[in-house]
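Student: Quick note, the sequences are listed as chains A and B, same order. At position 257 of the first sequence (counting the first as 1) the number is 256 in numbering that gives the first Met the number 0, and the numbers step up by one without a gap. At position 6 of the second sequence (counting the first as 1) the number is 5 in numbering that gives the first Met the number 0, and the numbers step up by one without a gap. Note that the Cβ used here is the ideal one computed from N, Cα and C, for glycine as well. Fair warning: this is a prediction, and the values are worked out from it, not measured in the lab.
Number of protein chains: 2
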Amino acid sequence: MSPARWPSPDRQTLARAALTYLAEPADPALGALLEVCEPAEILAAIKAGTLPAIKPETLPADATDPICPTGLTGPTGSPARRRALEAAFNRWRLRLPWLPDDVGLTSARRDGIRLVCPADPQWPERLDELGAARPYALWLRGRADLRQACQRSVSMVGSRAATGYGAHVAGEIAADLGERGWTVVSGGAYGIDAAAHRGALVTGAITIAVLACGVDFPYPAGHAELFAAIAEQGLVISEWPPGRQPARLRFLVRNRTIAALSCGTVVVEAGERSGALNTARHAAQLGKPLMAVPGPVTSAQSAGCHRIIREWDATCVTRADHVIEMLSPLGTVPTATTAAAAPVGATRARDALDLDSARVLDALPARGAAGTSTIAAEAGVDLDTVLRCLGLLAGSGLIERCDRGWRLRKP
Amino acid sequence: MSPARWPSPDRQTLARAALTYLAEPADPALGALLEVCEPAEILAAIKAGTLPAIKPETLPADATDPICPTGLTGPTGSPARRRALEAAFNRWRLRLPWLPDDVGLTSARRDGIRLVCPADPQWPERLDELGAARPYALWLRGRADLRQACQRSVSMVGSRAATGYGAHVAGEIAADLGERGWTVVSGGAYGIDAAAHRGALVTGAITIAVLACGVDFPYPAGHAELFAAIAEQGLVISEWPPGRQPARLRFLVRNRTIAALSCGTVVVEAGERSGALNTARHAAQLGKPLMAVPGPVTSAQSAGCHRIIREWDATCVTRADHVIEMLSPLGTVPTATTAAAAPVGATRARDALDLDSARVLDALPARGAAGTSTIAAEAGVDLDTVLRCLGLLAGSGLIERCDRGWRLRKP
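#1: Shorter than 8 Å from the beta carbon of S372 (chain A) to some beta carbon of chain B?
#2: Measure how close the beta-carbons of G379 (chain A) and R90 (chain B) come, nearest whole angstrom, since I'm counting them as under 8 Å.
#3: Does the contact criterion of 3 or more C-beta pairs under 8 Å hold for the region 399–410 of chain B versus the region 278–297 of chain A?
#4: Listing by chain order, which chain B residues have their CB less than 8 Å from the CB of C401 (chain A)?
#5: Could you check whether the region 223–235 of chain A touches the region 250–264 of chain A, counting it as contact only if at least three pairs of C-beta atoms, one from each stretch, sit closer than 8 Å?
#6: Which runs of the alpha helix (DSSP H) at least 4 residues long sit entirely within the region 174–233 of chain B? Give them in chain order.
#7: Could one say the Cβ of Y189 (chain A) lies closer than 8 Å to chain B's Cβ atoms, at least one of them?
#8: Please classify D381 (chain A): is it buried, with 16 or more other beta-carbons within 10 angstroms of its beta-carbon, or exposed?
#9: Can you say whether W122 (chain B) is buried or exposed, counting buried as having 16 or more other CB atoms within 10 angstroms of its CB?
#10: Which one or two residues does DSSP pair with T264 (chain A) in a beta bridge?
#11: For a quick check, are the C-beta atoms of L84 (chain B) and S154 (chain B) less than 8 Å apart?
#12: Might you give, ordered along the chain, the residues of its own chain that have their beta carbon closer than 7 Å to the beta carbon of P134 (chain A), omitting 5 neighbours on each side?
#13: Using a Cβ-Cβ cutoff of 8 Å, what residues of the region 19–45 of chain A are near chain B? List them in chain order.
#14: In angstroms with no decimal places, state the Cα-to-Cα distance between W97 (chain B) and L354 (chain A).
#15: For a test of the three-state rule: what should DSSP assign to A357 (chain B), helix, strand or coil?
#16: With the cut-off set at 8 Å, would you say C212 (chain B) and R247 (chain B) are in Cβ contact?
#17: In chain A, what lies closer than 8 Å to R253 (chain B) by C-beta?
#18: Pull up the distance between the alpha-carbon of V209 (chain A) and that of V184 (chain A), whole angstroms please.
#19: Mind checking if L129 (chain A) is an interface residue toward chain B, Cβ cutoff 8 Å exclusive?
#20: Along chain A, which residues have their Cβ under 8 Å away from the Cβ of Y164 (chain B)?
#21: Out of curiosity, what's the CA-to-CA distance linking R366 (chain B) and I374 (chain B)?
#22: Evaluate W181 (chain B) with the Cβ neighbour count: other Cβ atoms within 10 Å of its Cβ, from every protein chain shown; 16 or more gives buried, anything less gives exposed.
#23: Starting from the N-terminal side, write out each stretch of the alpha helix (DSSP H) that is 4 residues or longer and does not extend beyond the region 288–317 of chain B.
#24: Just verifying my parser: in three-state terms, what is the DSSP assignment at E377 (chain B)?
#25: Taking the continuous alpha helix (DSSP H) assigned at W91 (chain B), which residues delimit it?
#26: Hey, how far is the Cα of I307 (chain A) from the Cα of V267 (chain A)?
#27: Between which residues of its own chain and D301 (chain A) is the CB-CB distance below 7 Å, once the five residues before and five after are set aside?
#28: Among A:V102, A:A228, A:G165, A:D361, which has the Cα closest to the Cα of T317 (chain A)?
#29: From the DSSP output, in three-state form, read off V102 (chain B) for me.
#30: Just the C-alpha distance for T314 (chain B) and C315 (chain A), rounded to the nearest angstrom, thanks.
#31: Buried or exposed for R408 (chain A), going by 16 or more other Cβ atoms inside 10 Å?
#32: With 16 as the cutoff for other CB atoms within 10 Å, does R309 (chain B) come out buried or exposed?
#33: Any beta carbon from chain B within less than 8 Å of C212 (chain A)'s own beta carbon?
#34: Would you call the CB atoms of G190 (chain A) and A227 (chain A) closer than 8 Å?
#35: Along the region 149–178 of chain A, where does the CB come closer than 8 Å to a CB of chain B? Name the residues.
#36: With distances taken from CA atoms, which of A:I236, A:V35, A:L200, A:R179 is nearest L225 (chain A)?
Pasting the structure below:
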């Protein structure tokens, strides 16, 4: 849909855009309020300096979230609860001066940036699995249909300080996934994220970078061109409004969206303290398949992957086949195991032998020949058996008769 | 026990020694017979050219083994059963000329080789888990007590065509296991086996090489010195009598003994067709812990390890700690996870912060200073909260007050 054909945003959309300026994503107080109030009503209350016309006791009972525990603690309707709600309004009000004209939508359109809200056709319903921690709205750079792009998608995350090995493997797997019609979702960081995005881009596939800052904010700066390429072919998206800078905790909050957007998450390289493991935890908490790519045990950058495999949290995957198998309904793709069993070398005549024939073949001397009873004794089979097996082996072209008995045929 | 003090072998021991010459190990017909007859009785029957004085219908009902299916098929007491038993006696008789004087025990003693039978104090009772496929007896080179050496032992197996990575990791893990009093059991082959034996040897630990040929037969020839070193410090053992050559199928039959002797098996590197996976299968069938060490997914030599991890047959292990944890009764060793969680870097002051304080710290500019309300808006916290957090952060020495507000302290 070209910017020229965008409909005028309605009141609720404008309010959601404003809320992305005023509150940090996954603010549990706002998440709880949004379950009982319209966005425009909440925005009006923030601007008016009053609480909205709701009773705090109608809010969901547990409005504290593990992602963002500064929530509405205390029993429903308690004074502690009301104080928490007032504190939330106070912090949102502090940012009222940050609200740009037209909540930034006009200048965003000029920069090719658009907003997608929960009611829109392009909203990925998967994000609703986040419950009250669902994004208020998403800012997008790029023309692709977000909902469609997420339909068959894989999150690939890993260490910024990736090794050459990790970057290579991430790129290969992402390219294979892209070629087979899968969207790669990642965080746009250096290292594994960049390798995954680039692997998808080279195959012409859609890839989605989920940033922890405004979609127009080039962080890391060295990735400005990469983000432009992603926006051209896929999508650069964010819960933060244009212009917003990244911050350490924003990456952690952002990770839940990376995990929630896709069908499953693959960790390619992750040290013991890597933020990628935070994304992995979100994927697991959302009940989505979690996968990890192993690496040398001598590499600290694979230690996190090995730990989650070891503790049975993640499935060990080594190629795109395995990832697709994990994410596809049972039976819709040939299993990697089936596929792997066949191609490992051509079946050799030796493999097709029955056990007695294999023993007889083993018993023939490497050089020279041997008589029938010598072969039988060496093979540990009786004479009837040795005769049957020698005939079969000769028929397969593996051995031949000579004047001194039987000998191996040169291949 | 020095050779001079060995007691004279009894009749049953002599018969078991003879059976190792006449039958291949895990011959299901002999396994079945040994459950109802004394070894000496079977040997006498083979020599006399008659069936032993037992009724075939008294033999165990299922005398066919997956390891060696040329067994006593057909219902108990059926003509097919009797024919199978006759064929078995015929194949054993073919080897009667191979029996040396004194069943080789005299010359074996001269070479420092001894025999251990199921009734002996040094017999590892773990081998009895093999049922009818239990070794008839074991030939040993080395002075160590076999039963004691197996008490706390790990089988380490892998590819002969090991990579430098695989050999390094096998050696490291074996050395760590050795240092902590564990015996390493392996197959004496090139590659991973050799690296595992050598890793154990350098720490002065006992290591056991289980060969698929006589313990005096240097196969591979390049390992003659390694075997001498193992015999000096540990044990070289075999089910085959001295002088017997290796054969392809003997390695497969031997593998069940490697798996059965130890508390669990670790595969370090294994291609898709590696014999090490055969040992792994035996370990799993015996209900023993199976572990595998991952490696680069780009290495074919790790493909077998990744497959068994992927399919949940094996636990992913990356160091000796993990192996010991798997093999120790619950609670007797600190778990690797517990041990791993602590040592990853010193706890940083930043990690100890509550979420609001972390947000406030995040909100301080990288350079220069900011005022209280700017920081509060940036952090997304209300003014009361920002004041509490700024005090706490200043108390931790992370930030300091200056004439323009608050700024980060240089570390």
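Tutor: Working from what's here:
#1: S372 (chain A) counts as touching chain B.
#2: Cβ-Cβ separation between G379 (chain A) and R90 (chain B): approximately 6 Å, consistent with a contact (criterion under 8 Å).
#3: As far as the Cβ criterion goes, the region 399–410 of chain B does not touch the region 278–297 of chain A, which means the pair count is below three.
#4: Those do not exist, as C401 (chain A) stays about 21 Å from chain B at its closest Cβ, beyond 8 Å.
#5: Not touching, per the Cβ criterion.
#6: Entirely contained in the region 174–233 of chain B, the alpha helix (DSSP H) runs reaching 4 residues are, in chain order, 191–201, 223–232.
#7: At a cut-off of 8 Å, the C-beta of Y189 (chain A) has no neighbouring C-beta in chain B.
#8: Around the CB of D381 (chain A), 16 or more other CB atoms lie within 10 Å, so the residue is classed as buried.
#9: The residue is buried, with at least 16 neighbouring Cβ atoms inside 10 Å.
#10: In the DSSP secondary-structure assignment, T264 (chain A) is bridged to A:S154, A:L289.
#11: No, the pair does not count as a contact, with Cβ atoms beyond the cut-off.
#12: Only residues of its own chain outside the window of five on either side were considered, and among them P24, L126, E238, T256 have a CB closer than 7 Å to the CB of P134 (chain A), listed in chain order.
#13: Result list: A22, E23, D26.
#14: About 23 Å.
#15: Helix.
#16: Not closer than 8 Å, so no.
#17: Near R253 (chain B) there are no residues of chain A at all, since even the closest Cβ is about 13 Å away, more than 8 Å.
#18: Their Cα atoms are separated by approximately 7 Å.
#19: With 8 Å as the cut-off, L129 (chain A) does not count as an interface residue toward chain B.
#20: Within chain A, P295, T297 have C-beta atoms less than 8 Å from the C-beta of Y164 (chain B), given in sequence order.
#21: Counting only the Cα atoms, I374 (chain B) lies some 14 Å from R366 (chain B).
#22: Note on W181 (chain B): 16 or more other CB atoms within 10 angstroms of its CB, so buried under the neighbour-count rule.
#23: Entirely contained in the region 288–317 of chain B, the alpha helix (DSSP H) runs reaching 4 residues are, in chain order, 302–309.
#24: Note: E377 (chain B) maps to helix in three-state DSSP.
#25: Where W91 (chain B) is concerned, the enclosing alpha helix (DSSP H) stretches over 78–92.
#26: I307 (chain A) and V267 (chain A) have their C-alpha atoms some 12 Å from each other.
#27: For clarity, residue 301 (chain A) is Ser in the given sequence; the question names Asp instead. Cβ within range, chain order: E268, P293, G294, P295.
#28: Of A:V102, A:A228, A:G165, A:D361, the smallest CA-CA separation from T317 (chain A) is found for A:G165.
#29: DSSP places V102 (chain B) in helix when its eight states are reduced to three.
#30: Whole-angstrom Cα-Cα distance: 10 Å.
#31: Per the 10 Å Cβ criterion, exposed.
#32: So R309 (chain B) counts as buried.
#33: False, the Cβ-Cβ gap to chain B never drops below 8 Å.
#34: Contact: no.
#35: Listed in sequence order: Y164, H167, V168.
#36: Each of A:I236, A:V35, A:L200, A:R179 was checked against the Cα of L225 (chain A), and the nearest Cα belongs to A:L200.
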